[in-house]
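The first sequence begins at 144 in this note's numbering and counts up by one.
Where is the CB? At the ideal position from N, CA and C, for every residue including glycine.
These numbers were taken from a predicted model, which means no experiment stands behind them.
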Amino acid sequence: MTDANQPYIVVPAGGPQQAGVRPDEDLLEGLNRPQRDAVTFRGQALLIVAGAGSGKTSVLTRRVASLLRTKDAWPSQILAITFTNKAAGEMRERVSQLIGDRAQGMWISTFHSACVRILRREAEQFGFTKSFTIYDSGDSRALIKRLVKEHEADTYGMTPSGVMSRISKLKNELADAESYARSANMTDPAERIFVELFADYQRSLQKANAFDFDDLIGQVVYLFRAFPQVADSYRRRFRHILVDEYQDTNHAQYALIRELTRPPGSDAPPMAGGGGMMIFDAEPDAEDGASLTVVGDSDQSIYAFRGADIRNITEFERDYPGAKVVLLEQNYRSTQNILNAANAVISHNFDRKDKKLWTDVGEGEKIIGFTGYSQHDEAQFVADETEALRKAGIDYSQMAVFYRTNSQSRALEEIFIRSAVPYKIMGGTKFYERAEIKDALAYLVAVANPADEMAVRRILNKPRRGIGDVTETAIARYAADEGITFRDALANASALGVGPKIQAGIAHLDAVLAEASALMVPSTGELPPPTAVADGLQLLLSKTGYTDALRASRDPQDEARVENLDELVAVAREFARNNPEGTIVDFLTEVALVSDADDLEDASGSVSLMTMHTAKGLEYDAVFVTGVEEDLIPHRISANEPGGPQEERRLFYVGVTRARKRLYLSLAMTRAQFGEVTVAMPSRFLQEIPTELMHWRQSPGDVNSRGGTQSRALNARRGGPGSSGGFGGGGNTGRYGADLVPLPRRESSDISKFANRIPAKVRDNGDMELGPGDRIRHDDFGEGKVDLVTGEGAKRVAHVRFDRVGAKKLLIKIAPIEKL
DNA sequence: TTCGGTGGATTTTTT
DNA sequence: ATCCACCGAA
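Printed below as a string of structure tokens:
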């Protein structure tokens with residue numbers, strides 16, 4: 144870029160700048176024109192449409208730095224929201240690199256962390272205390288499970304997870320039980336039960352002084368709406384709000400941002416009871432709402448399943464009239480071949496603004512395809528290839544393997560261990576979801592928030608104290624009779640009418656909890672020492688006999704559990720070191736909100752394994768996208784949901800665009816699931832990639848034409864990729880193996896190699912006329928009758944009752960159907 | 001109350 | 001294949 148001398152058409156809000164050098168000139172170095180515009184724009188609303196790899200993070204951090212440098216904002220006036228804690232950490236890091244310590248005082252965090260911060264301050268306003276617990280999805284599920292049982296809702300076919308996801312969806316729409324009940328069909332007994340469950344769940348949370356994940360957002364919105372003066376204090380504080388990954392925000396998050404960007408004082412209702420009206424001297428722009436910057440890419444929206452609403456970004460200009468829009472389309476990450484493939488695939492999504500990524504780094508290598516006989520075979524290919532790449536000078540830490548579902552990681556792990564390839568699984572089975580860790584944390588919660596009955600119940604009989612269902616119920620009854628909490632009931636073991644042994648057990652538990660409380664939450668008002676949390680945790684684990692019980696066990700897994708607990712204590716010590724003032728509540732907040740995916744890249748020296756969802760926002764020199772099969776990507780479950788297959792395509796797009804130099808797409812002909820071997824078909828997405836971009840080491844046709852299905856991954860040792868030039872799929876060549884004579888170069892990228900052909904062209908039934916009563920035939924589901932057609936245009940959805948497989952919803956435009 | 005066995009369901013993605 | 005809920009025996 145050589146346009147550094149072009150005049151900027153920028154009017155800094157903070158007053159006239161000196162002619163000549165801008166104070167943020169150095170921040171613009173190396174940026175292209177649109178990127179500069181995005182950094183320097185000053186105004187109410189800015190939408191940055193940032194394609195994959197277009198330098199979005201760089202732009203965002205520089206924009207923040209620029210706001211500070213030009214004195215358009217104080218650090219405390221900035222609120223930057225990212226999707227993960229990791230992204231927040233990186234952003235903070237990069238901003239301080241640009242402008243130094245002034246980064247202190249900014250709020251850079253996730254939606255959830257920011258909301259917790261607000262809720263902790265304001266909790267007392269609406270019936271919670273500062274030390275509220277945060278329920279993760281496991282906790283919510285446990286609670287809902289209990290309620291489902293109590294309400295005998297299972298007789299209506301309700302499952303805990305079903306109820307949970309419905310509640311979550313509703314909360315994401317800012318609905319509560321009451322508002323839902325108003326629109327629900329309350330003559331349906333199942334609906335009535337559900338409403339009761341929902342209400343009961345919410346009451347339980349309130350009683351436990353707890354918020355679930357969704358509440359963290361939703362309750363802040365309620366808070367702001369119910370207490371305008373509280374909202375105003377945040378509106379006055381945050382003058383610049385920046386939101387990353389805006390395409391993945393849900394309605395509650397959208398509403399939160401709307402609340403925050405309102406002009407202060409704008410929604411003060413007629414003051415009830417003459418409460419002190421706040422008069423502010425007209426600070427220059429006190430009447431304006433905060434300036435809002437959102438960054439996103441609708442092609443990378445992959446969280447609709449959990450309530451993300453793509454319209455938040457597509458309709459941004461309508462929501463914020465006069466918004467400036469900046470498009471970043473130049474890609475600085477990948478080779479043109481990779482981008483062409485990505486563009487080709489994503490262009491199959493209709494109903495999207497056309498956008499083409501481009502780069503000036505050149506074509507690069509072809510995309511390598513490989514088909515294994517089994518998932519192990521596929522994994523062996525990946526392992527061999529990582530080895531070859533490392534020999535070619537690429538560090539393991541610059542390689543990543545993606546898959547659609549977590550369960551696919553197993554085969555990869557097995558083979559990686561066998562092949563001695565160092566790897567790290569990102570965000571898989573979570574450390575904080577292990578039973579022993581949850582137990583330990585429940586002990587801490589019992590101390591920090593005694594109102595949380597769930598936590599106390601959880602630890603009641605861990606380790607074994609002979610307390611079973613009967614005793615638990617007795618405690619609950621006693622607590623209810625006396626009007627005290629479940630926790631306090633423990634202090635009166637003798638009154639419960641249970642055996643002496645059990646009484647002693649309860650009394651002991653109560654004493655240990657009390658001792659830990661004295662240590663971690665001194666009632667004298669003085670601050671506990673920084674080590675209090677770690678010490679208290681250790682005290683709880685040893686004095687309750689928890690660790691001893693594990694050590695005494697014969698189960699070999701229990702040894703690992705003890706190690707995990709040691710690890711947790713170490714985490715607590717580390718926390719104390721980083722936060723000398725940190726309380727037990729702060730610690731619990733951190734572990735509730737920090738996920739393992741946030742572990743900064745201590746993946747040094749190892750290959751990263753993760754789901755495609757986790758991969759969002761990351762990039763690697765070499766990327767393996769595995770399991771590129773129908774029913775996996777696109778996932779089978781998505782097929783029935785309107786918009787599902789398109790979201791899957793975006794997910795695949797996200798995976799592909801993570802690669803800088805080399806991209807591998809692999810699949811297996813057979814895949815074992817539920818212990819059964821099933822035949823897999825190549826994903827339709829493969830056929831959306833122009834054949835000339837790919838080089839198949841072993842195409843689906845190669846594998847199938849030999850009819851071989853035996854897996855040889857576990858004993859075959861192959862030649863490295865160096866010896867495997869271009870094996871053609873002749874049929875008599877044997878397999879890709881060590882003992883083969885390379886055939887004359889013949890690329891097997893021909894689409895005819897696909898053994899299981901799936902329609903290469905995307906169907907377009909856009910103009911099919913369909914109405915209730917029509918009969919149709921579906922390629923997979925057979926014949927059925929249309930009940931109802933909803934939606935408009937490209938989004939028309941047919942609700943069909945199939946003769947064989949029951950009711951399905953189909954997107955008419957693309958479903959493989961014909962009218963009969 | 002605990003333990004062990006059996007049968008059934010289970011796997012989409014995550015702050 | 002693996003995890004969980006449920007059941008009957010100690």
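Spatially closest choice to residue i from the options, by CA coordinates
i       : options                               : result
Asn-460 : Lys-804, Val-734 and Gln-187          : In the sequence as presented, Asn is not what sits at residue 460; that position holds Glu. Comparing Cα-Cα distances from Glu-460 to each of Lys-804, Val-734 and Gln-187, the minimum goes to Gln-187.
Lys-467 : Ser-434, Asn-455, Arg-716 and Asn-492 : Ser-434
Asn-783 : Glu-702, Val-655, Ala-735 and His-921 : His-921
Ala-677 : Ala-650, Ser-197 and Leu-711          : Leu-711
Leu-385 : Phe-337, Met-249 and Pro-464          : Met-249
Pro-371 : Gly-408, Arg-382, Val-363 and Phe-354 : Gly-408
Arg-165 : Leu-189, Asp-709 and Leu-211          : Leu-211
Glu-339 : Asn-352, Arg-325 and Ala-351          : Arg-325
Ala-395 : Arg-379, Lys-314, Val-437 and Ser-322 : Lys-314
Pro-825 : Gly-512, Leu-286 and Ser-256          : Gly-512
Asp-653 : Ile-618, Ser-283, Phe-559 and Arg-368 : Ile-618
Thr-690 : Arg-176, Tyr-463, Asp-520 and Glu-579 : Glu-579
Leu-366 : Asp-520, Thr-757, Leu-262 and Leu-708 : Leu-262
Ala-675 : Gln-646, Val-797, Glu-706 and Ile-727 : Ile-727
Phe-493 : Ser-637, Gly-786, Asp-180 and Gly-196 : Gly-786
Leu-808 : Ala-591, Phe-341 and Phe-545          : Phe-545
Asp-582 : Ser-660, Ala-526 and Leu-680          : Leu-680
Glu-508 : Glu-316, Tyr-516, Ala-484 and Thr-514 : Ala-484
Asn-175 : Leu-189, Gly-725, Lys-199 and Leu-190 : Lys-199
Arg-205 : Leu-189, Trp-217, Arg-237 and Arg-601 : Arg-237
Beta-bridge partners of residue i, as assigned by DSSP
i       : result
Ser-252 : Ile-224
Ala-950 : Arg-944
Lys-928 : Arg-918 and Arg-944
His-294 : His-294 is not bridged to any residue.
Val-192 : Gly-439 and Leu-470
Phe-513 : Ser-809 and Gln-841
Glu-961 : Arg-920
Met-753 : Phe-545
Contact belief for residue i with residue j at Cβ below 8 Å, rounded distance in angstroms
i       : j       : result
Val-504 : Val-192 : Between Val-192 and Val-504 the Cβ distance is about 22 Å, and since that is not below 8 Å, they are no contact.
Val-799 : Leu-810 : Wrong, their Cβ atoms sit about 14 Å apart, outside the cutoff.
Ser-540 : Gly-748 : 6 Å
Ile-510 : Asn-480 : 6 Å
Pro-606 : Thr-687 : 7 Å
Gly-640 : Ile-610 : Not quite, the Cβ-Cβ distance comes to about 14 Å (not below 8 Å), so this is no contact.
Thr-529 : Val-564 : 5 Å
Gln-518 : Arg-840 : Their Cβ separation, rounded to whole angstroms, is 17 Å, which puts Gln-518 and Arg-840 out of contact at 8 Å.
Outcome for residue i when other beta-carbon atoms lying within 10 angstroms are tallied against a minimum of 16
i       : result
Ala-374 : buried
Thr-502 : buried
Gln-247 : exposed
Arg-918 : exposed
Ser-854 : Residue confidence for Ser-854 is low, a pLDDT of 40 falling below 50, so the modelled location carries little weight and cannot support an answer.
Ile-568 : buried
Arg-553 : exposed
Ile-277 : buried
Ile-955 : buried
Glu-576 : exposed
Thr-573 : Note that residue 573 is Lys in the sequence shown here, rather than Thr. Answer is exposed; the Cβ neighbour count stays below 16.
Asn-721 : exposed
Glu-773 : buried
Gln-268 : exposed
Val-768 : buried
Pro-225 : Looking at the sequence itself, residue 225 is Thr, so the reference to Pro does not match. So Thr-225 counts as buried.
Ile-560 : exposed
Val-943 : buried
Asn-486 : buried
Ser-666 : exposed
Ile-242 : buried
**Message:** Give the list of continuous alpha helix (DSSP H) stretches no shorter than 4 residues that lie fully inside the region 429 to 497.
**Reply:** 454 to 457, 459 to 462 and 479 to 489
**Item:** Every unbroken alpha helix (DSSP H) inside the region 528 to 603 [4 residues or more]
**Value:** 552 to 561, 578 to 591 and 596 to 603
**Prompt:** Which residue spans inside the region 761 to 831 form an unbroken beta strand (DSSP E) run of at least 3?
**Reply:** 763 to 768, 802 to 811, 813 to 816 and 819 to 822
**Prompt:** Considering only residues of the region 349 to 385, which uninterrupted alpha helix (DSSP H) runs meet the minimum length of 4 residues and lie entirely inside it, listed in chain order?
**Reply:** 356 to 369 and 371 to 380
**Message:** For a minimum of 4 consecutive residues, which ranges assigned as the alpha helix (DSSP H) are wholly contained in the region 668 to 704?
**Reply:** 675 to 686 and 689 to 695
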